[in-house]
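Residue numbers (the numbering used here): 78 to 306.
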């Protein structure tokens, strides 16, 4: 369907593995009734040569898309980010956690697992947590990281939001993911017009992480892949 599986080529050239899109849908309960918000992202996977891997090959991933914007009835906007503070590449691998959470024994390599994942039809629910690797480390969060701005004109005012208490009595009920042919979502930079100016620097203006403040841990790439981290 959307899996564009590349044939082997000679001469050490890049080999396309897959090019697919998925929709993340966040269902929210509010005092005014249920609301649904979504964003379509595109993931491209390519096998490339690598001198750092014993096989001489490695996988390169590219993400195109943006955060899910939750425009709540009370006038606030909450953003479900592309990244998590503990996982910069969260949106690249999260589709599999919902669509195909477990690999078969013969899917030790990524490619056969990916082929089977892309054959899953319809939306599947994304669990809130999943097993960490190795399992002895417990569980890891699978839901996205939610934030809002106390002042949308000032990126330094970014703050974390609990999905169980988004504001105004609203809370996240469930999150689903589905493979789709729909266009990649665009438009977040029209809402946050200052976003492009934070390419390569944090929301507190610093270039590097030097504090635990959320404004020093987030940059434009958490909201839009087109702007970059």
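Quick reminder that beta carbons are idealized off the backbone N, C-alpha and C, glycines included.
Closest to residue i by C-alpha separation, out of the options, would be which residue?
i: residue 118; options: 96, 193 and 135; result: 96
i: residue 138; options: 112, 146, 168 and 144; result: 168
i: residue 297; options: 277, 240 and 235; result: 277
i: residue 272; options: 246, 304, 287 and 245; result: 304
i: residue 262; options: 94, 90, 100 and 92; result: 100
i: residue 108; options: 202, 114, 247 and 187; result: 247
i: residue 228; options: 127, 301, 123 and 152; result: 152
i: residue 258; options: 116, 207 and 208; result: 116
i: residue 265; options: 301, 275 and 279; result: 301
i: residue 207; options: 269, 90, 171 and 260; result: 171
i: residue 226; options: 251, 268, 289 and 209; result: 268
i: residue 251; options: 92, 91, 287 and 106; result: 106
Suppose contacts are defined by Cβ-Cβ distances below 9 angstroms. Is residue i in contact with residue j by that definition?
i: residue 158; j: residue 249; result: no
i: residue 255; j: residue 121; result: no
i: residue 155; j: residue 243; result: yes
i: residue 104; j: residue 112; result: yes
i: residue 49; j: residue 203; result: Here the chain has residues from 78 to 306 only, and residue 49 is not among them.
i: residue 136; j: residue 94; result: yes
i: residue 163; j: residue 123; result: no
Buried or exposed for residue i, please, with buried defined as at least 16 other CB atoms from any protein chain shown within 10 angstroms of its CB.
i: residue 230; result: exposed
i: residue 238; result: buried
i: residue 216; result: exposed
i: residue 292; result: buried
i: residue 284; result: exposed
i: residue 299; result: buried
i: residue 82; result: Interpretation of residue 82 is limited by its pLDDT of 36, a score under 50 that renders its predicted location unreliable; the figure taken from the coordinates is listed afterwards. Result: exposed.
i: residue 143; result: buried
i: residue 236; result: exposed
i: residue 86; result: Its pLDDT being 34, under 50, residue 86 is placed unreliably by the model, and the measurement read from it follows with that caveat. So residue 86 ends up on the exposed side.
i: residue 31; result: The question about residue 31 has no answer here: the residues shown for the chain are numbered 78 through 306.
i: residue 128; result: exposed
i: residue 134; result: exposed
i: residue 200; result: buried
i: residue 173; result: buried
Give me the Cβ distance between residue i and residue j, rounded to the nearest whole Å; I'm assuming they're in contact under 8 angstroms.
i: residue 233; j: residue 281; result: 5 angstroms
i: residue 177; j: residue 197; result: 6 angstroms
i: residue 240; j: residue 161; result: With 8 angstroms as the limit, residue 240 and residue 161 do not qualify as a contact, their Cβ atoms being about 13 angstroms apart.
i: residue 140; j: residue 114; result: Going by Cβ atoms, the distance from residue 140 to residue 114 rounds to 19 angstroms, so no, they are not a contact pair.
i: residue 219; j: residue 205; result: 6 angstroms
Between residue i and chain B, is any beta-carbon pair separated by less than 9 angstroms?
i: residue 294; result: Any reference to chain B falls outside this structure, which holds one protein chain only.
Considering only heavy atoms of the ligand NAD, does any lie closer than 8 angstroms to the CB of residue i?
i: residue 200; result: Looking at this structure, you won't find the ligand NAD or any other ligand, since it has none at all.
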